[in-house]
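Input: a single structure, listed below in structure tokens.
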Amino acid sequence: MNNSATTRRISKIALQYNGNDKGTTEMVYSSNLLSDTAENQFQEMKAVADRNKNVKNWALTGYISPERSDENEISNDVLVELTLKALEKVGVTKDNQIRLDIHNSTKHKHIHFVVNRVNTYGQNTITAHKIGELFGQAVREICKNMNLKTDVEISKEKKEKMLDSLHHCLKKATNFNELIIQMEQLGYKVILSENVKVGVSGMLIVKISDINTETKREYPAGYKLSEITNKLKIKEIKEILEKNNSNLINEKEEINRSYKRKF
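Heads up: the sequence shown begins at 0 in numbering that gives the first Met the number 0, then just goes up one per residue.
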């Protein structure tokens, strides 16, 4: 579960964005809000936040984005339950104003939350210090309790599959272009970084199904080679490709020699 949480002072635009998403938004939960429209809900939240002048960044905002797959599709109800339980762990109570919206305009269904840190009694219930880290820990804990894969588990699985695919392609590829083509056939995009001194100096591997061209990503896709493994370096990949190329040349020469001997 990719996730993010931050405290900030928001405007009505934030709620309007959460409540639109190209017309695909579904408001799936709200608490301590009387209005149905984002604009009016913002006014309600601001009125409550003004009861505590010590809290400048009065809104807690963020998202949870589950891994989407045919065999592991998470229902809206489960996503709402997960979000509310995680929010509770970082200080959200039954007296805080909450709005949850599920966005469906991208490949990855995800849920956005806007919470008033100031509750209806004027008390700040959510500590801002390390809130992103604390929320991430809360999401992982709740995922384990609900038998859902955490972002760490999903990331580990993705990296293992990427590395397996890379090793498979390195058995035959004789140069980086061939490696890129072969990896693409297995569902991965390889992006190389280069410099004048050493040529190819780095590699990013992205699962093609994770690439989102419809809207700006909320978290970066793909992993650097160094994030996937510490046992395979770019230098070693170059050596493997050069060896494969040399073996291919030798094989062709041997075939030519065999052909000439026959005639």
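Here a beta-carbon is modelled for each residue, glycine too, at the ideal position from N, C-alpha and C.
With distance defined between alpha-carbon atoms, name the residue in 155, 166, 220, 54 nearest to residue 118.
Your numbering for residue 118 matches position 119 in the sequence shown. Among 155, 166, 220, 54, the Cα nearest to that of residue 118 is on 54.
Using a Cβ-Cβ cutoff of less than 7 angstroms, which residues in the same chain neighbour residue 135 once the five nearest sequence positions on both sides are dropped?
In the sequence shown, the residue the question calls residue 135 occupies position 136. 2.
In terms of residues, what are the limits of the alpha helix (DSSP H) holding residue 102?
Translated into the one-based positions of the sequence shown, residue 102 becomes position 103. Per DSSP, residue 102 belongs to no alpha helix (DSSP H); it is in the beta strand (DSSP E), 97-102.
Could you name the residues of the same chain whose beta carbon sits closer than 6 angstroms to that of residue 312, not counting the 5 residues immediately before and after it, in chain order?
A question about residue 312 goes unanswered here, because the residues of the chain that appear run from 0 up to 262.
What does a CB cutoff of less than 8 angstroms around residue 58 pick up in its chain, not counting 5 residues either side in sequence?
Residue 58 sits at position 59 when you count from the first residue of the sequence shown. Only 6, 7, 8, 9, 13, 44, 48, 113, 114, 115, 116 meet the Cβ criterion.
Report back the beta-carbon spacing between residue 92 and residue 124 to the nearest angstrom; my notes put them in contact at under 8 angstroms.
For the purposes of this step, residue 92 is taken as residue 93 along the sequence shown, with counting starting at 1. For the purposes of this step, residue 124 is taken as residue 125 along the sequence shown, with counting starting at 1. Between residue 124 and residue 92 the Cβ distance is about 5 angstroms, and since that is below 8 angstroms, they are a contact.
If you follow the beta strand (DSSP E) that residue 203 is part of, which residue opens it and which one closes it?
Working through the sequence shown from its first residue, we reach residue 203 at position 204. Here the beta strand (DSSP E) through residue 203 covers 198-206.
Name the DSSP bridge partner or partners of residue 107?
As a working mapping, residue 107 is identified with position 108 in the sequence shown. Per DSSP, none; premise fails for residue 107.
Starting from residue 4, trace the beta strand (DSSP E) in both directions and tell me its first and last residue.
Residue mapping note: residue 4 aligns to position 5 of the sequence shown, counting from 1. Note, residue 4: beta strand (DSSP E), 1-7.
Assess, as a yes-or-no matter, whether the segment 138-151 is touched by the segment 72-86 under the definition of 3 or more beta carbon pairs within less than 8 angstroms.
Yes, they touch.
DSSP puts residue 58 in a beta bridge; with which residues?
As a working note, residue 58 is residue 59 in the sequence shown. The partner list for residue 58 (beta bridge, DSSP) reads 7, 115.
Could you give the distance in angstroms between the alpha-carbon of residue 111 and the alpha-carbon of residue 129?
By 1-based counting over the sequence shown, the position of residue 111 is 112. By 1-based counting over the sequence shown, the position of residue 129 is 130. Residue 111 and residue 129: Cα-Cα distance of roughly 19 angstroms.
Within the same chain, show all residues whose beta-carbon is closer than 6 angstroms to that of residue 224, passing over the 5 residues directly before and after it, in chain order.
Start at 1 with the first residue of the sequence shown, and residue 224 comes out as number 225. Excluding positions up to five away in sequence, the list reads 202.
Straight-line CA distance for residue 30 to residue 98?
On the sequence shown, position 31 is the one that residue 30 refers to. On the sequence shown, position 99 is the one that residue 98 refers to. Spanning the two alpha carbons is a distance of roughly 7 angstroms.
Closest Cβ-Cβ distance between residue 42 and chain C: below 8 angstroms?
In the displayed structure, chain C is absent; only one protein chain is listed.
Within 10 angstroms of its Cβ, does residue 167 collect 16 or more other Cβ (buried), or is it exposed?
Taking the sequence shown and counting its residues from 1, one reaches residue 167 at position 168. Per the 10 Å Cβ criterion, exposed.
Is residue 18 buried or exposed, if buried means 16 or more other CB atoms sit within 10 Å of its CB?
Within the sequence shown, the letter at position 19 stands for residue 18. With 16 or more Cβ atoms within 10 Å of its Cβ, residue 18 is classed as buried.
One question on the structure: do residue 244 and residue 171 come within less than 8 angstroms of each other, judged by their Cβ atoms?
The sequence position of residue 244 within the sequence shown is 245, counting from 1. The sequence position of residue 171 within the sequence shown is 172, counting from 1. Not in contact: residue 244 and residue 171 (Cβ atoms no closer than 8 angstroms).
How is the alpha helix (DSSP H) around residue 138 delimited, first residue to last?
By 1-based counting over the sequence shown, the position of residue 138 is 139. Where residue 138 is concerned, the enclosing alpha helix (DSSP H) stretches over 130-144.
Excluding the 5 residues flanking residue 174 on each side, which residues of the same chain have their C-beta closer than 6 angstroms to its C-beta?
Working through the sequence shown from its first residue, we reach residue 174 at position 175. Same-chain partners within the cutoff: 240.
Go ahead and pull the three-state DSSP assignment for residue 120.
Translated into positions along the sequence shown, residue 120 becomes position 121. Reduced to three states, the DSSP call for residue 120 is coil.
Ends of the alpha helix (DSSP H) at residue 47?
For the purposes of this step, residue 47 is identified with residue 48 of the sequence shown, where counting begins at 1. Residue 47 -> alpha helix (DSSP H) spans 37-48.
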